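Engineer:
2 protein chains.
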Amino acid sequence: MRSETVFKLAFNRALDMIGVAGVRSRIPSENALKLELQTSRTTVRKVLGELQKRGLLTHSSGGWHVSRRPRKSDYFPELETVATSAQVESKFMDWILRGDRRAGELINGLELARQFGVSTNAIREYLNRFSRFGLIERRPNSSWIIRGFTREFALELFEVREMFETRSALTFALQPDAAHSWKALRRLQSEHRALLRNISERYHDFSGLDERFHRLINGASGNRFIFDFHDVISLIFHYHYQWNKVDEKQRNRLAILEHLDYIEALLSRDPKRIEAACKRHLSSARKTLLASVRTPGKDTPMAEHEA
Amino acid sequence: MRSETVFKLAFNRALDMIGVAGVRSRIPSENALKLELQTSRTTVRKVLGELQKRGLLTHSSGGWHVSRRPRKSDYFPELETVATSAQVESKFMDWILRGDRRAGELINGLELARQFGVSTNAIREYLNRFSRFGLIERRPNSSWIIRGFTREFALELFEVREMFETRSALTFALQPDAAHSWKALRRLQSEHRALLRNISERYHDFSGLDERFHRLINGASGNRFIFDFHDVISLIFHYHYQWNKVDEKQRNRLAILEHLDYIEALLSRDPKRIEAACKRHLSSARKTLLASVRTPGKDTPMAEHEA
DNA sequence: TGATTGTCTATTGTGCATAAAAGACGAGCG
DNA sequence: CGCTCGTCTTTTATGCACAATAGACAATCA
Numbered sequence: 002m003r004s005e006t007v008f009k010l011a012f013n014r015a016l017d018m019i020g021v022a023g024v025r026s027r028i029p030s031e032n033a034l035k036l037e038l039q040t041s042r043t044t045v046r047k048v049l050g051e052l053q054k055r056g057l058l059t060h061s062s063g064g065w066h067v068s069r070r071p072r073k074s075d076y077f078p079e080l081e082t083v084a085t086s087a088q089v090e091s092k093f094m095d096w097i098l099r100g101d102r103r104a105g106e107l108i109n110g111l112e113l114a115r116q117f118g119v120s121t122n123a124i125r126e127y128l129n130r131f132s133r134f135g136l137i138e139r140r141p142n143s144s145w146i147i148r149g150f151t152r153e154f155a156l157e158l159f160e161v162r163e164m165f166e167t168r169s170a171l172t173f174a175l176q177p178d179a180a181h182s183w184k185a186l187r188r189l190q191s192e193h194r195a196l197l198r199n200i201s202e203r204y205h206d207f208s209g210l211d212e213r214f215h216r217l218i219n220g221a222s223g224n225r226f227i228f229d230f231h232d233v234i235s236l237i238f239h240y241h242y243q244w245n246k247v248d249e250k251q252r253n254r255l256a257i258l259e260h261l262d263y264i265e266a267l268l269s270r271d272p273k274r275i276e277a278a279c280k281r282h283l284s285s286a287r288k289t290l291l292a293s294v295r296t297p298g299k300d301t302p303m304a305e306h307e308a
Numbered sequence: 002m003r004s005e006t007v008f009k010l011a012f013n014r015a016l017d018m019i020g021v022a023g024v025r026s027r028i029p030s031e032n033a034l035k036l037e038l039q040t041s042r043t044t045v046r047k048v049l050g051e052l053q054k055r056g057l058l059t060h061s062s063g064g065w066h067v068s069r070r071p072r073k074s075d076y077f078p079e080l081e082t083v084a085t086s087a088q089v090e091s092k093f094m095d096w097i098l099r100g101d102r103r104a105g106e107l108i109n110g111l112e113l114a115r116q117f118g119v120s121t122n123a124i125r126e127y128l129n130r131f132s133r134f135g136l137i138e139r140r141p142n143s144s145w146i147i148r149g150f151t152r153e154f155a156l157e158l159f160e161v162r163e164m165f166e167t168r169s170a171l172t173f174a175l176q177p178d179a180a181h182s183w184k185a186l187r188r189l190q191s192e193h194r195a196l197l198r199n200i201s202e203r204y205h206d207f208s209g210l211d212e213r214f215h216r217l218i219n220g221a222s223g224n225r226f227i228f229d230f231h232d233v234i235s236l237i238f239h240y241h242y243q244w245n246k247v248d249e250k251q252r253n254r255l256a257i258l259e260h261l262d263y264i265e266a267l268l269s270r271d272p273k274r275i276e277a278a279c280k281r282h283l284s285s286a287r288k289t290l291l292a293s294v295r296t297p298g299k300d301t302p303m304a305e306h307e308a
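As given, the protein sequences belong to chains A and B, one line each in that order. Quick note: the working numbering has the first sequence finishing at residue 308, numbered continuously throughout. Quick note: the working numbering has the second sequence finishing at residue 308, numbered continuously throughout.
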């Protein structure tokens with residue numbers, strides 16, 4: 002049976018809202034709340050009910066009103082606000098990227114389910130969706146097999162990344178002046194500059210900026226396959242850098258400089274310059290990722306693809 | 002509960018084997034059979050048991066022996082030899098490609114389950130795996146949405162296909178003389194020639210050849226993402242051409258000629274020639290696919306990808 | 001008439017149960 | 001010993017149940 006994660010998340014968001022609005026303020030309509038809390042009206046009503054029960058809201062003729070400030074203790078723990086399926090992701094990424102898994106190793110779904118404290122279904126579904134990331138492979142009627150986060154994986158990932166992003170960047174430059182993305186790019190440019198000024202304290206913030214920057218560029222391709230591939234990059238970077246803190250400040254500083262150069266190239270709309278800046282940045286990013294691949298071990302060879 | 006599809010498939014294969022071997026011949030060991038029938042020993046034993054029960058085999062001191070010829074009626078119907086999950090695929094492809102589905106339409110999993118006569122789980126799992134093909138998109142806690150087999154889809158598919166295959170083809174040519182793939186390529190070349198000679202009767206055989214040819218080339222990239230992407234192409238072509246018979250003979254003849262040209266370019270190892278032949282063939286393939294996209298309707302716009 | 005809410009129905013997410021299939025272990029044989 | 005096979009255990013595939021959530025419709029109100 003499903004746990005009330007959607008409800009709890011919406012409830013927490015409602016608490017935030019109430020806190021901002023302050024005591025005695027009026028609560029908008031259910032339909033408005035539905036949009037604000039990004040959920041269905043059914044859940045909104047459940048939230049309102051619970052808020053009333055806990056004395057946060059009162060229902061008078063004029064509608065709902067805030068009757069007291071939310072306390073820290075009113076909030077549901079964050080863990081309870083994420084669906085089981087989503088919890089599996091971080092556990093699994095930890096398991097596969099940090100667990101020193103070797104290429105060729107088999108994945109025991111039942112064992113994982115026990116270890117993660119979820120049902121086998123959850124594991125099954127996750128593995129299915131995860132397979133597109135190229136780190137595991139399915140053997141029908143049998144277990145999954147690990148292909149491994151190896152040097153080969155990183156190289157293959159970047160081979161495609163470079164093809165896709167170069168093309169996207171060139172397409173980006175062809176957009177009309179009026180395109181929304183130019184504004185977004187300029188905004189990113191100043192955010193990069195701001196970050197660079199405070200690099201010593203804020204260097205952790207780079208990863209978020211990095212993600213938004215590359216997503217913006219890849220989005221310009223207008224190609225769903227290119228855009229979807231960015232998820233692979235994102236996921237890998239998100240988890241990998243979360244654990245690899247070596248030289249982080251230095252690395253990020255360099256990356257910001259490369260980004261700024263890249264952004265200027267884009268703004269110049271000069272294809273040659275763009276391609277050069279893009280390639281330079283990506284090859285430096287590849288180097289970083291490669292440096293943190295634990296074992297330069299051999300990948301399992303792909304099955305023979307012959308006619 | 003799981004149906005006995007694996008067993009039934011193995012059983013049918015065993016019947017084939019027995020038919021070829023003939024009455025009174027000896028049956029190999031369980032381990033040998035396991036490899037031959039591509040299944041586990043558990044299933045092999047179940048098959049042997051059933052064969053004995055039906056009087057096809059007898060167990061004497063010397064091992065198993067064939068005691069009578071298999072009859073047509075001994076075989077399990079083919080439908081019962083494919084797992085439910087696999088049955089979903091063809092039904093779903095039929096539904097989405099031929100059912101005149103419009104971009105933006107919602108997918109009702111329950112309804113599909115009823116229509117296909119499978120459980121909702123089967124649908125769920127299939128949709129999950131199918132999502133990587135870019136024809137549908139997930140809305141969490143809600144239904145899936147159809148992005149549509151549109152003109153845009155075909156164009157995006159081919160944009161990536163061209164990038165990937167051009168690169169693979171160039172890599173192919175760099176392989177050492179001794180590489181296995183050169184032999185495979187030559188074999189494909191003569192198969193193409195043979196098919197061309199009998200094009201009037203055998204033009205249906207082209208699709209299989211086409212698949213093997215492109216898979217060989219993409220395999221040379223040594224890149225799992227490129228190789229996996231070929232599955233998308235394969236699936237689309239497999240189902241799409243299965244239903245689009247207009248001008249089939251003429252189309253296939255042309256494609257064979259292009260392939261032969263392409264193959265010669267590869268054998269010449271001249272990068273310029275290869276790239277040209279590859280591009281020529283792919284753009285003609287794109288034209289064919291585009292011609293058969295029903296409505297040149299608008300795709301649902303991608304969500305704004307901004308920073 | 002258009003927004004708001006009460007009520008009811010339909011659909012999705014998730015655990016569980018169970019048979020099918022895979023795989024492990026060891027005894028026996030050549 | 002290395003192969004074969006009997007037996008037992010583990011794991012995967014798949015349907016079902018049921019609460020959570022979404023969505024539809026109608027009544028009510030401004």
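All C-beta atoms in this analysis are idealised placements derived from N, C-alpha and C, irrespective of residue type, glycine included. These figures come from a predicted structure and were not determined experimentally.
Assuming F12(A) contacts V48(A) (C-beta within less than 8 Å), just tell me the rounded distance between them.
Structural biologist: Their Cβ separation, rounded to whole angstroms, is 5 Å, which keeps F12(A) and V48(A) in contact under 8 Å.
Engineer: What residues from the segment 128–151 of chain B come within 7 Å of chain A, judged by C-beta to C-beta, listed N to C?
Structural biologist: So the close ones are N129, R130, R133, G135 and N142.
Engineer: Please list the terminal residues of the continuous beta strand (DSSP E) segment that includes I147(B).
Structural biologist: Counting along the chain, the beta strand (DSSP E) containing I147(B) begins and ends at W145 to I147.
Engineer: In terms of residues, what are the limits of the alpha helix (DSSP H) holding E276(B)?
Structural biologist: P272 to A292 is the extent of the alpha helix (DSSP H) around E276(B).
Engineer: Going straight from the alpha carbon of S269(B) to that of Q251(A), what length do you get?
Structural biologist: Computed Cα separation, rounded: 48 Å.
Engineer: Confirm, please, whether the CB-CB distance from L107(B) to D132(B) is below 8 Å.
Structural biologist: Position check: residue 132(B) holds Ser in this sequence, whereas Asp was assumed. No, these two residues do not count as a Cβ contact at 8 Å.
Engineer: Within 8 Å of any Cβ in chain A, is that where the Cβ of V119(B) sits?
Structural biologist: No, its Cβ sits nowhere closer than 8 Å to a Cβ of chain A.
Engineer: Taking 8 Å as the threshold (beta carbon to beta carbon), is N224(A) in contact with chain B?
Structural biologist: True, the Cβ-Cβ gap to chain B drops below 8 Å.
Engineer: Label K73(B) either buried or exposed according to how many other C-beta atoms from any shown protein chain fall within 10 Å of its C-beta, with 16 as the threshold for buried.
Structural biologist: K73(B) is exposed by the Cβ-count criterion.
Engineer: Return the residues of the segment 241–255 of chain A that lie within a Cβ-Cβ distance of less than 9 Å from chain B, sorted by chain order.
Structural biologist: From the segment 241–255 of chain A, no residue has a Cβ closer than 9 Å to chain B.
Engineer: Rounded to the nearest angstrom, how far is the Cβ of I146(A) from that of E153(A), given a contact under 8 Å?
Structural biologist: So it is not a contact: roughly 15 Å between Cβ atoms.
Engineer: Quick one: does E51(A) have its CB under 8 Å from some CB of chain B?
Structural biologist: Answer no: the Cβ-Cβ gap between E51(A) and chain B never drops below 8 Å.
Engineer: Any beta carbon of chain A sitting closer than 8 Å to that of E157(B)?
Structural biologist: Yes, because at least one Cβ of chain A sits closer than 8 Å to the Cβ of E157(B).
Engineer: Could you name the residues that DSSP lists as bridge partners for L36(B)?
Structural biologist: For L36(B), which the question treats as bridged, DSSP gives no partner whatsoever.
Engineer: How far does the alpha helix (DSSP H) with E138(A) in it extend, from its first residue to its last?
Structural biologist: Where E138(A) is concerned, there is no enclosing alpha helix (DSSP H), although the beta strand (DSSP E) it sits in stretches over I137 to R139.
Engineer: Tell me whether R27(A) sits in a helix, a strand or coil according to DSSP, three-state version.
Structural biologist: In the structure shown, R27(A) sits in a strand (DSSP, three-state: E or B).
Engineer: Report the start-end ranges of each beta strand (DSSP E) in the segment 85–172 of chain A that is 3 residues or longer and not cut off at the edges.
Structural biologist: Those beta strand (DSSP E) runs which fall completely within the segment 85–172 of chain A and span 3+ residues are 137–139 and 145–147.
Engineer: Going by the CB atoms, is the gap between F207(A) and L1(A) shorter than 8 Å?
Structural biologist: Outside the shown range of chain A (2 to 308) lies residue 1(A), about which nothing can therefore be said.
Engineer: Leaving out the 5 sequence neighbours to the left and right, which residues in its chain are closer than 8 Å to T82(A) when beta-carbon positions are compared?
Structural biologist: So the list reads T6, K9, L10 and N13, once near-sequence residues are dropped.
Engineer: Can you list the residues of chain A that E259(B) reaches, using a CB-CB cut of under 9 Å?
Structural biologist: Neighbours of E259(B) on chain A: none; closest Cβ ~17 Å, over 9 Å.
Engineer: Give a yes or no on whether the minimum CB-CB distance between D229(A) and chain B is below 8 Å.
Structural biologist: True, the Cβ-Cβ gap to chain B drops below 8 Å.
Engineer: Provide the residue(s) that pair with G64(A) in DSSP beta bridges, ordered along the chain.
Structural biologist: In the DSSP output, where bridge partners are listed per residue, G64(A) has S61(A).
Engineer: Excluding the 5 residues preceding and the 5 following I275(B) in the sequence, name in chain order all residues of the same chain whose CB lies nearer than 7 Å to its CB.
Structural biologist: So the qualifying residues of the chain are A170, L171, A174, A266 and L267.
Engineer: In the DSSP assignment, find the alpha helix (DSSP H) that holds V7(A) and state where it starts and stops.
Structural biologist: First-last of the alpha helix (DSSP H) with V7(A): T6 to A22.
Engineer: Might you give, ordered along the chain, the residues of its own chain that have their beta carbon closer than 7 Å to the beta carbon of R69(B), omitting 5 neighbours on each side?
Structural biologist: Correct list, in chain order: V24, G56 and L57.
Engineer: Are any of the Cβ atoms in chain B nearer than 8 Å to that of V7(A)?
Structural biologist: By this cut-off, V7(A) is an interface position.
Engineer: Could you tell me which chain A residues have their CB closer than 9 Å to the CB of M94(B), listed as they occur along the chain?
Structural biologist: Under the 9 Å cutoff, chain A gives no residues; its nearest Cβ is about 18 Å from M94(B).
Engineer: Could you pull out every residue in the same chain whose Cβ sits closer than 6 Å to the Cβ of V233(B), ignoring the five residues on either side in sequence?
Structural biologist: Excluding residues within five positions, the ones whose Cβ falls inside 6 Å are F134.
Engineer: Find the nearest neighbour of I1(A) within the set S293(A), N224(A), W183(A) and M18(A), judged by alpha-carbon distance.
Structural biologist: The question about residue 1(A) has no answer, for chain A in this structure spans 2 to 308.
Engineer: Which same chain residues end up closer than 8 Å to G223(A) when comparing Cβ atoms and leaving out the 5 residues on each side of it in sequence?
Structural biologist: T172.
Engineer: Under a Cβ-count criterion, where at least 16 other Cβ atoms within 10 Å of its own Cβ denotes burial, should D101(A) be classed as buried or exposed?
Structural biologist: The residue is exposed, with fewer than 16 neighbouring Cβ atoms inside 10 Å.
Engineer: Helix, strand or coil for Y242(A)? Go by DSSP, reduced to three states.
Structural biologist: Note: Y242(A) maps to helix in three-state DSSP.
Engineer: Taking the alpha-carbon positions, what's the E37(B) to E160(B) distance?
Structural biologist: Whole-angstrom Cα-Cα distance: 41 Å.
Engineer: Please name the residue, chosen from H260(A), Y242(A) and D271(A), that lies closest to S293(A) on a Cα-to-Cα basis.
Structural biologist: For S293(A), the nearest C-alpha among the options comes from Y242(A).
Engineer: May I ask you to report which of helix, strand or coil DSSP gives N199(A)?
Structural biologist: If DSSP states are grouped into helix, strand and coil, N199(A) belongs with coil.
Engineer: Considering Cα atoms alone, identify which of A278(B), D95(B) and L158(B) is closest to N245(B).
Structural biologist: Of A278(B), D95(B) and L158(B), the residue nearest in Cα terms is D95(B).
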